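Enquirer:
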Amino acid sequence: MSVLAAIRPDDWNFALLLHVLGAMLLVGGLTGAVTALWLGWRGDSRTLPRLGFKSLLFVAFPAWWLMRIAGQWIASKEGFDGSDEEPAWLGIGYITAEAGGLLILISILLTGLGVRRMRRAEPPSASVMVRIGTVLVTIVLAAYLVAVWAMSAKPD
Amino acid sequence: MLVIVGTLSTLVFGIWLAIERDEYKVWDGWIIAALVLWAIAAETGRRGGVPYMEARKLAERLAAEGRAEEPSPELRAKLKDRNGMILNGLSSLAVLLLLIDMIYKPGA
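Sequences listed follow chains A and B, in order. In this text, residue positions in the first sequence follow my numbering: the first is 231, and each later residue adds one. In this text, residue positions in the second sequence follow my numbering: the first is 1078, and each later residue adds one.
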């Protein structure tokens, strides 16, 4: 029998599955948003910033909730919930999740308002709010890639 | 490009991990299942992307002709290609099953 499979009890699997699924969807949604927003940086296309905004709102944002809630669920199963002896990798996870979630929310507001203004502008022009949102989402994506590494490597 | 790099990376690093770790063998049932699911996801994803690549080329041609703002029934049809949607759905399903296989490691 696999030693690693023996380390993790079977009843943890579903919570871990939901957490990893949420994280995959979150990183995928952020990657799609970052790509669309950077490609639309110059503002000569209304479609790309709108795609970026929708990626954040309909993919990344719900996925964050799935990742976060399931993450808390498996943390409690592992006995880390409210524990003083929290490993470093879990701390990295909490910090990136909470701060990243807030930045995603701010980016959704900024890109949403920016896209709305771009819709009214003729000809289309770059929106400062969309650009700020673009930079914030890029920072969030980079932070989550660090979190993915921490969750996998589990540094002490 | 991102998809190609990601797809190949998961295969390379996954096989490397299976060889590196003493607890795993590349011929373990759940690892074989993962490789099969990876192949299904990669091929259905590749085939599913064909109509969208054609749509992109058509959109670029329309834009070059100055017809970017005109409705194009041909472009709409390519973006709503049924086979493309089914194949992409199958690819996503294969990835989900692969994730379940990685977490549960059946038979391990």
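Think of the CB as a built atom: it goes at the ideal place given N, C-alpha and C, for glycine as much as any other residue. Keep in mind the model is a prediction, meaning the values are calculated, not measured.
For the alpha helix (DSSP H) that contains Val264 of chain A, what are its first and last residues?
Expert: Position 34 of the first sequence, counted from the first residue, corresponds to residue 264 of chain A. Taken as a continuous stretch (DSSP letters only), the alpha helix (DSSP H) holding Val264 of chain A covers 243–269.
Enquirer: Beta carbons nearer than 8 Å to chain B: which residues of the region 255–267 of chain A have them?
Expert: Hits within the stretch, in order: Thr261, Thr265.
Enquirer: Could you check the C-alpha separation between Leu1085 of chain B and Leu1094 of chain B for me, to the nearest Å?
Expert: The sequence position of residue 1085 of chain B within the second sequence is 8, counting from 1. The sequence position of residue 1094 of chain B within the second sequence is 17, counting from 1. Spanning the two alpha carbons is a distance of roughly 14 Å.
Enquirer: With three or more C-beta pairs closer than 8 Å as the rule, is the region 1127–1141 of chain B touching the region 1176–1184 of chain B?
Expert: Touching, no.
Enquirer: Which stretch, first to last residue, makes up the alpha helix (DSSP H) that contains Tyr1181 of chain B?
Expert: As a first step, residue 1181 of chain B must be located in the second sequence, where it is residue number 104. Its alpha helix (DSSP H) spans residues 1159–1181.
Enquirer: Within 10 Å of its beta-carbon, does Pro353 of chain A have 16 or more other beta-carbons around it, so buried, or fewer, so exposed?
Expert: Position 123 of the first sequence, counted from the first residue, corresponds to residue 353 of chain A. It counts as exposed.
Enquirer: Between Leu251 of chain A and chain B, is there a C-beta pair that is closer than 8 Å?
Expert: The residue labelled residue 251 of chain A in the question sits at position 21 within the first sequence. At least one chain B Cβ lies under 8 Å of Leu251 of chain A.
Enquirer: I'd like to know if Leu247 of chain A contacts chain B, where contact means its C-beta is closer than 8 Å to some C-beta of that chain.
Expert: Within the first sequence, the letter at position 17 stands for residue 247 of chain A. Yes, Leu247 of chain A counts as interfacial toward chain B.
Enquirer: Taking the alpha-carbon positions, what's the Leu1152 of chain B to Arg347 of chain A distance?
Expert: The residue you call residue 1152 of chain B lines up with position 75 of the second sequence. The residue you call residue 347 of chain A lines up with position 117 of the first sequence. For Leu1152 of chain B and Arg347 of chain A, the distance between alpha carbons rounds to 27 Å.
Enquirer: Taking 8 Å as the cut-off, decide whether the C-beta atoms of Ile334 of chain A and Trp294 of chain A are in contact.
Expert: In the first sequence, residue 334 of chain A corresponds to position 104, counting from 1. In the first sequence, residue 294 of chain A corresponds to position 64, counting from 1. Cβ atoms of Ile334 of chain A and Trp294 of chain A: closer than 8 Å.
Enquirer: Answer yes or no: does any C-beta atom of chain A fall closer than 8 Å to that of Tyr1129 of chain B?
Expert: Residue numbering aside, residue 1129 of chain B sits at position 52 when the second sequence is read from its first letter. Tyr1129 of chain B does not count as touching chain A.
Enquirer: With distances taken between CB atoms, is the gap from Leu320 of chain A to Leu255 of chain A smaller than 8 Å?
Expert: Numbered from its first residue, the first sequence carries residue 320 of chain A at position 90. Numbered from its first residue, the first sequence carries residue 255 of chain A at position 25. No, the Cβ-Cβ distance between Leu320 of chain A and Leu255 of chain A is not below 8 Å.
Enquirer: Give a yes or no on whether the C-beta atoms belonging to Leu367 of chain A and Ala263 of chain A are separated by under 8 Å.
Expert: Taking the first residue of the first sequence as 1, we reach residue 367 of chain A at position 137. Taking the first residue of the first sequence as 1, we reach residue 263 of chain A at position 33. Rather than Leu, the amino acid found at residue 367 of chain A in this sequence is Val. Result yes, Cβ atoms of Val367 of chain A and Ala263 of chain A sit closer than 8 Å.
Enquirer: Could you say which of A:Ala329, A:Ala245, A:Asp241 lies nearest to Ile198 of chain A if we only look at CA atoms?
Expert: A query on residue 198 of chain A cannot be resolved here, the shown segment of chain A reaching from 231 to 386 and no further.
Enquirer: When we look at the beta-carbon of Met231 of chain A and count the other beta-carbons within 10 Å, is it buried (16 or more) or exposed?
Expert: Along the first sequence, read from residue 1 onward, the residue named residue 231 of chain A stands at position 1. Confidence at Met231 of chain A is low in this model, with a pLDDT of 38, below 50, so its placement is unreliable and the value that follows should be read with caution. The residue is exposed, with fewer than 16 neighbouring Cβ atoms inside 10 Å.
Enquirer: Looking at chain C, is there any beta carbon in it that lies within less than 8 Å of the beta carbon of Leu1170 of chain B?
Expert: Absent from the structure is chain C; the protein chains it does hold are A and B.
Enquirer: Give me, in chain order, the residues of the same chain whose beta-carbon lies closer than 8 Å to that of Val345 of chain A; leave out the 5 immediate sequence neighbours on both sides.
Expert: The sequence position of residue 345 of chain A within the first sequence is 115, counting from 1. Taken in chain order, the residues that qualify are Arg276, Pro279, Arg280, Phe283, Ser357, Val360.
Enquirer: Going by DSSP in three states, Ala1154 of chain B sits in which element: helix, strand or coil?
Expert: What you label residue 1154 of chain B is simply residue 77 of the second sequence in a count that begins at 1. Of the three classes helix, strand and coil, the one that applies to Ala1154 of chain B here is helix, per DSSP.
Enquirer: Examine chain A for any beta-carbon lying closer than 8 Å to the beta-carbon of Ile1108 of chain B, and answer yes or no.
Expert: Numbered from its first residue, the second sequence carries residue 1108 of chain B at position 31. For Ile1108 of chain B, the answer is no, since every Cβ of chain A falls outside 8 Å of its Cβ.
Enquirer: Is the separation between the beta-carbon of Ile336 of chain A and that of Val376 of chain A shorter than 8 Å?
Expert: Here the question's residue 336 of chain A lines up with position 106 in the first sequence. Here the question's residue 376 of chain A lines up with position 146 in the first sequence. No, these two residues do not count as a Cβ contact at 8 Å.
Enquirer: Is any beta-carbon of chain A found at less than 8 Å from that of Leu1176 of chain B?
Expert: Position 99 of the second sequence, counted from the first residue, corresponds to residue 1176 of chain B. Chain A contact via Cβ: present.
Enquirer: Determine, for Ile1180 of chain B, whether the minimum Cβ-Cβ distance to residues of chain A falls below 8 Å.
Expert: Here residue 1180 of chain B refers to the residue found at position 103 when the second sequence is read from its first residue. Yes, its Cβ sits closer than 8 Å to a Cβ of chain A.
Enquirer: In chain A, which residues lie with their C-beta within 9 Å of the C-beta of Leu1079 of chain B?
Expert: As a working note, residue 1079 of chain B is residue 2 in the second sequence. The contacting residues are Thr261, Thr265.
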